[in-house]
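Peer 1: Dropping the structure in here first, questions after.
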Amino acid sequence: MANLQYEFGMVGLGVMGRNLMLNIADHDFSVIGLDLDPLKAAAVQAEAGEGKPARGTTSIEEFVQSIRKPRAIMMLVPAGNPVDAVIDSLLPLLEPGDILIDGGNSYFPDTERRVVELEAQGIHFFGMGVSGGEKGARFGPSMMPGGNREAYERLRPVFEAIAAKVDGEPCVAYLGSGSAGNYVKMVHNGIEYGIMQLIAEAYDLLKRGGGLNDDELQAVFEDWNQSELQSFLIEITAQILKKVDDETGQRLVSVISDRARSKGTGKWTSQNAMDLQVPIPTIDMAVLMRDISKYKEERVEASKLLPNKALQSDIKTEQQELVNQMRNAFYFAMISTYAQGLAQLTVASEAYNFGLQLQEVAKIWRGGCIIRAACLSDIRSAYEQNPQLPNLLLDPKVGSDLLDRLEDMRAVLKMAIDKGIAMPAFMVSLAYFDAYRTEVLPTNLIQAQRDYFGAHTYERVDREGIFHTEW
Ligand code: 6PG
Numbered sequence: 171m172a173n174l175q176y177e178f179g180m181v182g183l184g185v186m187g188r189n190l191m192l193n194i195a196d197h198d199f200s201v202i203g204l205d206l207d208p209l210k211a212a213a214v215q216a217e218a219g220e221g222k223p224a225r226g227t228t229s230i231e232e233f234v235q236s237i238r239k240p241r242a243i244m245m246l247v248p249a250g251n252p253v254d255a256v257i258d259s260l261l262p263l264l265e266p267g268d269i270l271i272d273g274g275n276s277y278f279p280d281t282e283r284r285v286v287e288l289e290a291q292g293i294h295f296f297g298m299g300v301s302g303g304e305k306g307a308r309f310g311p312s313m314m315p316g317g318n319r320e321a322y323e324r325l326r327p328v329f330e331a332i333a334a335k336v337d338g339e340p341c342v343a344y345l346g347s348g349s350a351g352n353y354v355k356m357v358h359n360g361i362e363y364g365i366m367q368l369i370a371e372a373y374d375l376l377k378r379g380g381g382l383n384d385d386e387l388q389a390v391f392e393d394w395n396q397s398e399l400q401s402f403l404i405e406i407t408a409q410i411l412k413k414v415d416d417e418t419g420q421r422l423v424s425v426i427s428d429r430a431r432s433k434g435t436g437k438w439t440s441q442n443a444m445d446l447q448v449p450i451p452t453i454d455m456a457v458l459m460r461d462i463s464k465y466k467e468e469r470v471e472a473s474k475l476l477p478n479k480a481l482q483s484d485i486k487t488e489q490q491e492l493v494n495q496m497r498n499a500f501y502f503a504m505i506s507t508y509a510q511g512l513a514q515l516t517v518a519s520e521a522y523n524f525g526l527q528l529q530e531v532a533k534i535w536r537g538g539c540i541i542r543a544a545c546l547s548d549i550r551s552a553y554e555q556n557p558q559l560p561n562l563l564l565d566p567k568v569g570s571d572l573l574d575r576l577e578d579m580r581a582v583l584k585m586a587i588d589k590g591i592a593m594p595a596f597m598v599s600l601a602y603f604d605a606y607r608t609e610v611l612p613t614n615l616i617q618a619q620r621d622y623f624g625a626h627t628y629e630r631v632d633r634e635g636i637f638h639t640e641w
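Given below as structure tokens:
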């Protein structure tokens, strides 16, 4: 198929690029891949098999010339300088109207800069979050593209074909302009951090507080995955808890080091939320807990110096009751986390002119991605009914679902406090809810203090104006 004009080009045939390319070929779109490593270029072609319209090359000229105009070229290379390097090498060969798509986890200000620079040369640049890991890329990811709306039409047939499907609907949609796609993926990852931390805390309280053994814990997560908690992250947790380490015969998870790593997308979510003044405490806390986990030596020392005697106390809740309470508490905290992330998207869309539609975001998160979950159908409905919803907690159904679970949320946290087991992500998920629904916060006192020591002035509740008092 050397002379074919390929429908699509892929640069970077690592795990994600290769699998996306095979996915595209499976859907009978012709695709050519570029990788400087001849082994990778050859491997993808062999893997696609005879008769599939997929080919690999190491020649950038051949690659660009083989793609149908306007060209659609996706890059899956590490975020940062490699993206700029690939753009620089392609640019002299491209023509106005061609489209470049960055499918990596790029930092959204980088995307914003690239959109402006390339648009000036007539090239449409898309930042597109791709979620779902290796399997998702191969069999159906969730894809979050942002960029030029008209140019998206050139990409739509391929993307809709290869995306995950839920009830026949593809988990991809044009999200908005500029860096909207990378931004939405960044917040997706922030929510991912939050939910992963919540799962870890739930596991910890059930294990150390409730005394559930490995089999019981595994059964709980398996059971939860058949409930309103059904989600990819709960599902894989059940699988993970089953896995036995061949060497020790113990559960593999118990021999894995508790120092958590991260690539940075969660931190970016928190940093930008602070810039925009949007509270996302569960996500912040998830980032912090990965940081605390790194101080292993200090934690070991502190565990001896500051022993947790409360853990041995015989405060007991009947195990089944605790599991039920935890299920409701988890649902509460998970929804609180989605609410925070979506509120951040609302504010960011306004601040950066993305033009996001949150019902579309919820729709494409229902399948393919790491945070896919049954509850996203309700979340989608909430935004469909009211696209201007400032916060998910204000949706009547979501709100009443949370009120129904509030008592169990408190019960679980009381136990955590009594046992000295840290559940900070659960705690701030509740505090976010409690603070958000408080008509008068004690921040009036903060205003008074600011005025007292710095003459920073305050506003009154009973009349307009700016006031200062000689305290
Ligand atoms: C996805 C994942 C993916 C990646 C994370 C891991 O949606 O497929 O989010 O993007 O696995 O970036 O992030 P950390 O290394 O920061 O945990």
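Each number in our numbering comes from the position in the sequence shown (counting from 1) with 170 added on. Where a beta carbon is used, it is the ideal one built from N, C-alpha and C, also for glycine.
(1) Take residue 617 as the anchor and find which of 627, 279 and 608 has the nearest alpha-carbon.
(2) Taking Cβ positions, are residue 366 and residue 456 nearer each other than 8 Å?
(3) Specify whether the stretch 495–510 and the stretch 267–275 touch according to this definition: at least 3 beta carbon pairs, one from each stretch, less than 8 Å apart.
(4) My output table needs one value for residue 295: the three-state DSSP class, helix, strand or coil.
(5) Buried or exposed: where does residue 276 fall if 16 or more other Cβ atoms within 10 Å of its Cβ makes it buried?
(6) Does the Cβ of residue 464 lie closer than 7 Å to at least one heavy atom of the ligand 6PG?
(7) Taking only three categories from DSSP, how would you classify residue 301?
(8) Which residues in the same chain have their Cβ closer than 6 Å to the Cβ of residue 442, if we skip the five residues on either side of it in sequence?
(9) For the 8 Å Cβ check, are there 3 or more pairs between the stretch 480–495 and the stretch 510–517?
(10) Helix, strand or coil for residue 199 per DSSP?
(11) Looking at the strands, I want to know which residues DSSP matches up with residue 178.
(12) Can you give the Cα-Cα distance for residue 483 and residue 310, rounded to whole angstroms?
(13) Considering only the beta carbon of each residue, do residue 430 and residue 469 sit closer than 8 Å?
(14) How would you write the range of the beta strand (DSSP E) that residue 270 sits in, first residue to last?
(15) In the structure shown, what three-state DSSP assignment does residue 171 receive?
(16) Could you tell me which residues DSSP pairs with residue 637 in its beta bridges?
(17) Tell me the residue span of the alpha helix (DSSP H) that contains residue 439.
(18) In angstroms, rounded to a whole number, what distance separates the CA positions of residue 134 and residue 589?
(19) Residue 540 and residue 302 look like a contact to me (Cβ under 8 Å); what is the Cβ gap, rounded to whole Å?
(20) By the DSSP assignment, the alpha helix (DSSP H) with residue 227 in it spans what residues?
(21) Please name the residue in 378, 362 and 297 whose C-alpha comes closest to that of residue 401.
(22) Residue 362: beta carbon under 7 Å from a heavy atom of the ligand 6PG?
(23) Between which two residues does the beta strand (DSSP E) holding residue 315 run?
(24) Please name the residue, chosen from 552, 544 and 572, that lies closest to residue 336 on a Cα-to-Cα basis.
(25) Less than 8 Å between the CB atoms is what I'm expecting for residue 202 and residue 225, so what's the real figure, rounded?
(26) Where does residue 401 sit, in a helix, a strand or coil, going by DSSP?
(27) Under the rule that 16 or more other beta-carbon atoms within 10 Å means buried, what is residue 623, buried or exposed?
(28) In angstroms, rounded to a whole number, what distance separates the CA positions of residue 581 and residue 454?
(29) Where does the unbroken beta strand (DSSP E) through residue 242 begin, and where does it stop?
(30) Just curious, the alpha helix (DSSP H) that residue 388 is in, first and last residue?
(31) Would you kindly report the start and end of the unbroken alpha helix (DSSP H) that includes residue 361?
(32) Is it the case that the stretch 245–257 contacts the stretch 209–223, given that we only count it when at least three CB pairs across the two stretches are under 8 Å?
(33) So, does the stretch 552–572 touch the stretch 401–418, judging by three or more C-beta pairs under 8 Å?
(34) Might you give, ordered along the chain, the residues of its own chain that have their beta carbon closer than 8 Å to the beta carbon of residue 253, omitting 5 neighbours on each side?
(35) Between which two residues does the alpha helix (DSSP H) containing residue 498 stretch?
(36) Residue 195 and residue 325 - do their beta-carbons sit closer together than 8 Å?
Peer 2: Let me lay it out:
(1) Numbered from 1 along the sequence shown, position 447 holds the residue referred to as residue 617. Of the listed residues, the one whose Cα sits closest to residue 617 is 627.
(2) Taking the sequence shown and counting its residues from 1, one reaches residue 366 at position 196. Taking the sequence shown and counting its residues from 1, one reaches residue 456 at position 286. Yes, the Cβ-Cβ distance between residue 366 and residue 456 is below 8 Å.
(3) no
(4) Numbered from its first residue, the sequence shown carries residue 295 at position 125. Note: residue 295 maps to strand in three-state DSSP.
(5) Counting from 1 along the sequence shown, the entry for residue 276 is found at position 106. Buried, because 16 or more other Cβ atoms sit within 10 Å of the Cβ of residue 276.
(6) As a working mapping, residue 464 is identified with position 294 in the sequence shown. Flag unset: Cβ of residue 464 not near the ligand 6PG.
(7) Taking the first residue of the sequence shown as 1, we reach residue 301 at position 131. DSSP places residue 301 in strand when its eight states are reduced to three.
(8) In the sequence shown, counting from the first residue as 1, residue 442 sits at position 272. None.
(9) no
(10) Taking the first residue of the sequence shown as position 1, residue 199 is located at position 29. Three-state DSSP puts residue 199 in coil, outside helix and strand.
(11) On the sequence shown, position 8 is the one that residue 178 refers to. Its beta-bridge partners are 201.
(12) For the purposes of this step, residue 483 is taken as the residue at position 313 of the sequence shown. For the purposes of this step, residue 310 is taken as the residue at position 140 of the sequence shown. Between the alpha carbons of residue 483 and residue 310 lies a gap of roughly 49 Å.
(13) To locate residue 430, count along the sequence shown from 1; it is residue 260. To locate residue 469, count along the sequence shown from 1; it is residue 299. Not a contact, by the Cβ cut-off of 8 Å.
(14) For this step, residue 270 is matched to residue 100 along the sequence shown. Looking at the DSSP string, the run of the beta strand (DSSP E) that includes residue 270 is 269–272.
(15) Taking the sequence shown and counting its residues from 1, the one referred to as residue 171 is at position 1. Residue confidence is low: residue 171 scores 48 on pLDDT, short of 50, so the model does not pin down where it sits. No coordinate-derived value is stated.
(16) The residue you call residue 637 lines up with position 467 of the sequence shown. In the DSSP output, where bridge partners are listed per residue, residue 637 has 628.
(17) For the purposes of this step, residue 439 is identified with residue 269 of the sequence shown, where counting begins at 1. Start and end: 435–446.
(18) An answer regarding residue 134 cannot be provided, because it is not within the stretch 171 to 641 covered by the chain.
(19) In the sequence shown, the residue the question calls residue 540 occupies position 370. In the sequence shown, the residue the question calls residue 302 occupies position 132. Confirmed, about 7 Å.
(20) As a first step, residue 227 is located in the sequence shown; it is residue number 57 there, counting from the start. From DSSP, residue 227 is part of no alpha helix (DSSP H) but of the beta strand (DSSP E) over 224–227.
(21) As a working note, residue 401 is residue 231 in the sequence shown. Comparing Cα positions, the closest option is 362.
(22) Numbered from 1 along the sequence shown, position 192 holds the residue referred to as residue 362. Yes, since a heavy atom of the ligand 6PG falls inside the 7 Å radius drawn around the Cβ of residue 362.
(23) Taking the first residue of the sequence shown as 1, we reach residue 315 at position 145. First-last of the beta strand (DSSP E) with residue 315: 312–316.
(24) For the purposes of this step, residue 336 is taken as residue 166 along the sequence shown, with counting starting at 1. It is 544.
(25) For the purposes of this step, residue 202 is taken as residue 32 along the sequence shown, with counting starting at 1. For the purposes of this step, residue 225 is taken as residue 55 along the sequence shown, with counting starting at 1. Correct: roughly 5 Å between the Cβ atoms.
(26) As a first step, residue 401 is located in the sequence shown; it is residue number 231 there, counting from the start. Looking at residue 401 - three-state DSSP - the assignment turns out to be strand.
(27) On the sequence shown, residue 623 is found 453 positions in, with the first residue counted as 1. Residue 623 is exposed by the Cβ-count criterion.
(28) As a working mapping, residue 581 is identified with position 411 in the sequence shown. As a working mapping, residue 454 is identified with position 284 in the sequence shown. Roughly 23 Å separates the two Cα atoms.
(29) Start at 1 with the first residue of the sequence shown, and residue 242 comes out as number 72. Run containing residue 242: 242–245, per the beta strand (DSSP E) assignment.
(30) As a position in the sequence shown, residue 388 is number 218, starting the count at 1. Residue 388: member of the alpha helix (DSSP H) spanning 384–394, first to last residue.
(31) Here residue 361 is taken as the residue at index 191 of the sequence shown, counted from 1. 350–374 is the span of the alpha helix (DSSP H), which, as asked, contains residue 361.
(32) no
(33) no
(34) By 1-based counting over the sequence shown, the position of residue 253 is 83. Here the set comprises 245, 247, 272, 274, 276, 280 and 284.
(35) Numbered from its first residue, the sequence shown carries residue 498 at position 328. Unbroken alpha helix (DSSP H) run through residue 498: 489–522.
(36) Here residue 325 refers to the residue found at position 155 of the sequence shown. Here residue 195 refers to the residue found at position 25 of the sequence shown. For residue 325 and residue 195, no; Cβs fall outside 8 Å.
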